[in-house]
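If you want my numbering, it's the 1-based position in the sequence shown plus 799.
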Amino acid sequence: MTRSTRPDPHRVARKPMAHVDRQLLMARRPGEKATVSALLDPDENVDLAALCQLIDASEALTEGEVEVGTVAVSNGPGRTQTRTFLGSMMLTVDLASTGAKDLARAWPSVVAAFKSDARVRRMVQDRAFRETARLLGSSTPSDLEYEVIVRTRGEKLLIDVEIEGRVDPKNLH
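Right under this line is the structure:
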């Protein structure tokens with residue numbers, strides 16, 4: 800008979816695992832009709848006011864969860880709770896429905912602005928913060944981190960925003 804070197808699972812002292820609770824959250828805001836006459840200003844630069852209007856009126860689907868974990872305190876006995884919001888927002892900016900006369904000429908500049916202009920990325924992050932605040936209310940962290948990915952499909956910009964932030968346990972409702 801061959802003896803196993805593997806310990807009997809019923810006789811092994813177990814360490815308590817972290818406890819995780821999840822609160823799933825989801826919100827959808829339908830897009831509104833945003834009409835802009837031009838996407839480029841007279842100097843042929845992307846009109847930031849027009850882009851801001853398009854971002855604010857675009858369709859958004861936001862979802863996320865608050866993970867509650869219990870972890871050991873490193874500098875003493877006991878355990879503490881951590882709460883982290885992990886979410887994502889999908890934003891659809893439909894440039895074809897804007898009525899902009901210069902869409903064909905502006906398209907490459909608009910796409911480049913969404914991908915690389917820090918001011919436009921900040922507008923997208925501000926919208927993501929507002930949508931996250933709709934989900935979390937008063938417990939919305941002020942120091943959210945964002946990762947923005949921009950894709951194109953036809954004359955639409957599809958913007959994915961990954962959101963993460965620590966939630967104050969005292970404010971969680």
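All residues carry an ideal CB built from backbone N, CA and C; glycine is no exception.
This one's a predicted model, so the numbers in the text were calculated from it and none came from an experiment.
First and last residue of the alpha helix (DSSP H) that includes residue i?
i: Lys914; result: 902-915
i: Asp855; result: 847-856
Taking DSSP as the reference, what is the three-state secondary structure of residue i?
i: Asp820; result: Model confidence at Asp820 stands at a pLDDT of 49, short of 50, so the residue's coordinates are unreliable and nothing is read from them.
i: Asp893; result: strand
i: Gly936; result: helix
i: Ala826; result: strand
i: Thr931; result: helix
i: Val966; result: coil
i: Asp840; result: coil
i: Val865; result: strand
i: Val835; result: coil
Can you check whether the CB of residue j is closer than 8 Å to the CB of residue i?
i: Glu758; j: Gly898; result: Outside the shown range of the chain (800 to 972) lies residue 758, about which nothing can therefore be said.
i: Val909; j: Val845; result: yes
i: Val966; j: Pro940; result: yes
i: Glu858; j: Arg828; result: yes
i: Leu902; j: Leu956; result: no
i: Glu954; j: Phe884; result: no
i: Arg921; j: Ala826; result: no
i: Ala856; j: Gly830; result: yes
i: Gln852; j: Ala837; result: no
i: Leu943; j: Thr951; result: no
i: Arg926; j: Ile854; result: yes
Could you tell me how far apart the beta carbons of residue i and residue j are, in whole angstroms, since I believe they sit closer than 8 Å?
i: Ile958; j: Leu890; result: 4 Å
i: Ala912; j: Val923; result: 11 Å between Cβ atoms; not a contact.
i: Arg882; j: Val867; result: 5 Å
Which first and last residues belong to the beta strand (DSSP E) in which residue i is found?
i: Thr951; result: 944-952
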